[in-house]
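Trainee: In our numbering, each residue's number is its place in the sequence shown (first place is 1) plus 600.
By construction, the Cβ of each residue, glycine as well, lies at the ideal position given by its N, Cα and C atoms.
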Amino acid sequence: MTLQLGQPAPDFEADTTMGPIRFHDWLGQSWGVLFSHPKDFTPVCTTELGEVARLRPEFERRGVKVIGLSVDDVTSHRGWAGDIEETQGTPLNFPLIGDPDRKISDMYGMIHPDASDTLTVRSVFIIDPNKKVRLILTYPASCGRNFQEILRAIDSLQLTDQYSVATPVNWQEGQDVIIVPSLVDEDEIRAKFPKGYKALKPYLRVTPQPNR
Ligand code: BEZ
């Protein structure tokens, strides 16, 4: 069964470059990003891990813990971490899970046999503090991910959890948002959006970002 949005993120025990963890305990009350890599000592993954290490303060500012996974073991990951620091100019400052028996990769559907029997695809799971899966991305091994997009999606998820809004195409933090179509009571709309709104169509109502 494929993991789907809204389902509980499966819990697991794992060895990581920062010691053993039980995933849900490690997450605590934080949001989480779990992302997989096809294999250690591969070029695209090396650049991705460097980028996530650089962006770690941005994830922390949003209350998000990041954790990577690659199907090799932690001894191999530790060797690779040296290369990441050397080539990307930043130490690997978050845990990387070892999954040599592919227990976690299988649990999360990170192996797509028609792409490769043995390597994980580039999966991303954004998990909320209730341990629910809120966003899933799947990229092929040849295409490095855009982690700015993952931060943008987290901003959207966190905003739309708090207010009755959705975020439009290419939305960035600070830009106007959309009042959800299910909200129709004018008094409630005025109370929730004191800055007002523009109705381009009855179903397309735009308002300034409420928490700005
Ligand atoms: C990479 O991370 O560079 C990579 C991994 C597997 C296949 C192709 C590229």
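Measuring alpha carbon to alpha carbon, tell me which residue in A715, V666 and I727 is nearest A609.
Mentor: It is I727 whose Cα lies nearest to the Cα of A609.
Trainee: Are there three or more Cβ pairs, one per stretch, closer than 8 Å when the stretch 616–629 is compared with the stretch 639–656?
Mentor: Contact fails: fewer than three Cβ-Cβ distances are below 8 Å.
Trainee: Heavy atom of the ligand BEZ less than 8 Å from the Cβ of P638, yes or no?
Mentor: P638 Cβ: within cutoff of the ligand BEZ.
Trainee: Which residues does DSSP pair with E613 in a beta bridge?
Mentor: Answer is R622.
Trainee: Would you say the beta carbon of A681 is closer than 8 Å to some non-hydrogen atom of the ligand BEZ?
Mentor: Every heavy atom of the ligand BEZ is 8 Å or more from the Cβ of A681, so no.
Trainee: In whole angstroms, what is the alpha-carbon distance linking P695 and D672?
Mentor: Their Cα atoms are separated by approximately 14 Å.
Trainee: Using a threshold of 9 Å, state whether the C-beta atoms of L669 and D699 are closer than that.
Mentor: Taking 9 Å as the Cβ cut-off, L669 and D699 qualify as a contacting pair.
Trainee: Below 9 Å between beta carbons: does that hold for V777 and P768?
Mentor: Taking 9 Å as the Cβ cut-off, V777 and P768 qualify as a contacting pair.
Trainee: Considering only the alpha carbon of each residue, which of Y803, G774 and A799 lies closest to S782?
Mentor: Closest by alpha carbon: Y803.
Trainee: Measure the alpha-carbon distance for C743 versus D755 and round it to whole angstroms.
Mentor: Taking the straight line from one Cα to the other gives about 23 Å.
Trainee: Leaving out five residues on either side along the sequence, give the residues of the same chain with a beta carbon under 7 Å from the beta carbon of S764.
Mentor: Contacts found: I779, V780, L783 and K792.
Trainee: If you reduce the DSSP assignment to three classes, tell me which class P643 lands in.
Mentor: In the structure shown, P643 sits in a helix (DSSP, three-state: H, G or I).
Trainee: What are the boundary residues of the beta strand (DSSP E) that includes R805?
Mentor: That run of the beta strand (DSSP E) goes L804 to T807.
Trainee: Please work out which residues of its chain come closer than 6 Å, Cβ to Cβ, to D611, disregarding the five sequence neighbours upstream and downstream, and give them in chain order.
Mentor: Once the five neighbours on either side are set aside, the close Cβ partners of D611 are F623 and H624.
Trainee: So which of E613, W631 and P713 has the shortest CA-CA distance to I697?
Mentor: Comparing Cα positions, the closest option is E613.
Trainee: Determine the burial state of G774: buried for a count of at least 16 other Cβ atoms within 10 Å of its Cβ, exposed for fewer.
Mentor: Looking at its Cβ environment, which holds fewer than 16 other Cβ atoms inside 10 Å, G774 is exposed.
Trainee: When the Cα of E817 is compared with those of T647, T720 and R722, which residue comes out closest?
Mentor: One cannot answer for residue 817 here, as it falls past the ends of the chain, which runs 601 to 812.
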